[in-house]
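Residue numbers (the working numbering), protein chains in the order written: chain D, 2 to 217; chain C, 93 to 206.
Here is the structure we will look at.
Spelled out as structure tokens, the structure:
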């Protein structure tokens, strides 16, 4: 079993073997959060544990494929997430997050496994009715540059009580260098509850996407 | 003791229980929380409050940015610790007051206002 497969299995186990017991990239202090993002060209599974209210460590596995389906990447590694700054207002919240990791990556157009570094910054602003975010993350290894950028904007259809499921419309545009020739744009329906959300959408290439987040 | 005496004794016990229950005032700490805009985020506050030994019940209202923690009879909840818990969860307490109501009563009042 090679290193990538070993880390991948560990990550999947961490995500699913925890007994079933936030929309930033980490949950509250002491919580474990799992996230998934699935489509034909991008499949990601990510779990982290919040050591403090500002720091989380975790693991992720990611499969990437070029738009033409010819080039593929598989990576698995560990991550660190840091809440750099937060602004709380009476009706809104804004955050700056650092998300970074070290991964092993392999591909179908080169031999062996390479070490990949993935530092990134996420900015978000949210009210009970509106959400916007932007993420920029480098995916760099020797001879590889798959820098990633995404922006998201959404609104909720109505205010919901704390114990109710709230439906949102979210529009996402994202692009990955040297894999996508054009931005992928996906309108999605998001259903958010107090310990999970799910998103379902179809992108402009008519590919289905499914995302989830669950906080234990 | 004849049947009549047993009946009277039972009635006295029942009345005493009713009176003692209504006399006991539930105390609830009610905070107005800045930044609490989604249920996923507020869940951390609720879980941490429920984990406290002194917590009887918790009510969260996202629309009015309210977190209410009802204190168990005979127990105390330090206001400074309550503020710190919310702060540690990543939010700011804009106002805090102690009221003589249950969390359920506060929930009913807020739903009525809405």
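Note that CB positions come from ideal geometry on N, CA and C, so glycine has one too.
How would you label residue i, buried or exposed, when you count the other beta carbons within 10 angstroms and need 16 or more for buried?
i: residue 140 of chain C; result: buried
i: residue 102 of chain D; result: buried
i: residue 203 of chain C; result: exposed
i: residue 26 of chain D; result: buried
i: residue 156 of chain D; result: exposed
i: residue 86 of chain D; result: exposed
i: residue 214 of chain D; result: buried
i: residue 109 of chain D; result: exposed
i: residue 135 of chain C; result: buried
i: residue 182 of chain D; result: exposed
i: residue 205 of chain C; result: exposed
i: residue 88 of chain D; result: exposed
i: residue 199 of chain C; result: buried
i: residue 74 of chain D; result: buried
i: residue 155 of chain C; result: exposed
i: residue 70 of chain D; result: exposed
i: residue 94 of chain D; result: buried
i: residue 187 of chain C; result: exposed
i: residue 142 of chain C; result: exposed
i: residue 33 of chain D; result: buried
i: residue 173 of chain C; result: exposed
i: residue 205 of chain D; result: exposed
i: residue 201 of chain C; result: exposed
i: residue 114 of chain C; result: Only weak support exists for where residue 114 of chain C lies, its pLDDT of 40 falling under 50; the value from the coordinates is given anyway. Answer is exposed; the Cβ neighbour count stays below 16.
i: residue 113 of chain D; result: exposed
i: residue 123 of chain D; result: buried
Does the distance from the C-beta atom of residue i to that of residue j stay below 7 Å?
i: residue 54 of chain D; j: residue 149 of chain C; result: no
i: residue 177 of chain D; j: residue 147 of chain D; result: yes
i: residue 30 of chain D; j: residue 51 of chain D; result: yes
i: residue 56 of chain D; j: residue 96 of chain D; result: no
i: residue 90 of chain D; j: residue 126 of chain C; result: yes
i: residue 216 of chain D; j: residue 28 of chain D; result: yes
i: residue 83 of chain D; j: residue 64 of chain D; result: no
i: residue 48 of chain D; j: residue 59 of chain D; result: yes
i: residue 154 of chain D; j: residue 133 of chain D; result: yes
i: residue 152 of chain C; j: residue 197 of chain D; result: no
i: residue 42 of chain D; j: residue 72 of chain D; result: no
Can you name the start and end residues of the beta strand (DSSP E) that residue i belongs to?
i: residue 175 of chain D; result: 167–177
i: residue 116 of chain D; result: 115–118
i: residue 48 of chain D; result: 43–51
i: residue 61 of chain D; result: 56–66
i: residue 149 of chain C; result: 147–153
i: residue 130 of chain D; result: Unbroken run through residue 130 of chain D: none, as it is neither H nor E.
i: residue 80 of chain D; result: 73–90
i: residue 99 of chain D; result: 93–108
i: residue 189 of chain C; result: 184–191
i: residue 111 of chain D; result: Premise fails: residue 111 of chain D is in no beta strand (DSSP E) and is neither H nor E.
i: residue 158 of chain D; result: Segment: none, residue 158 of chain D is in no beta strand (DSSP E) and carries neither H nor E.
i: residue 166 of chain C; result: Taken as a continuous stretch (DSSP letters only), residue 166 of chain C belongs to no beta strand (DSSP E), as it is neither H nor E.
i: residue 209 of chain D; result: 209–216
Within 7 Å (strictly less), CB to CB, does residue i reach chain B?
i: residue 90 of chain D; result: Absent from the structure: chain B. Protein chains present are D and C.
Under DSSP, the alpha helix (DSSP H) around residue i begins and ends at which residues?
i: residue 135 of chain C; result: 131–142
i: residue 200 of chain C; result: 195–205
i: residue 175 of chain C; result: 171–180
Practice task
Evaluate contact between the region 179–197 of chain D and the region 156–170 of chain D, counting only Cβ atoms and requiring at least three cross-stretch pairs below 8 Å.
Solution key: The region 179–197 of chain D makes contact with the region 156–170 of chain D: 3 or more CB pairs, one atom from each, lie closer than 8 Å.
Practice task
Assess, as a yes-or-no matter, whether the region 197–211 of chain D is touched by the region 160–167 of chain C under the definition of 3 or more beta carbon pairs within less than 8 Å.
Solution key: No: the two stretches stay apart, fewer than three of their Cβ pairs being nearer than 8 Å.
Exercise for the section: Could you tell me whether the region 179–196 of chain C touches the region 118–128 of chain C, where touching means 3 or more Cβ pairs closer than 8 Å? Expected result: Touching, yes, given that three or more Cβ pairs across the two stretches are closer than 8 Å.
Practice task
For the region 136–143 of chain D and the region 110–125 of chain D, state whether three or more C-beta atom pairs, one from each stretch, are separated by less than 8 Å.
Solution key: A contact between stretches requires three or more CB pairs, one per stretch, nearer than 8 Å, and the region 136–143 of chain D meets this requirement with the region 110–125 of chain D.
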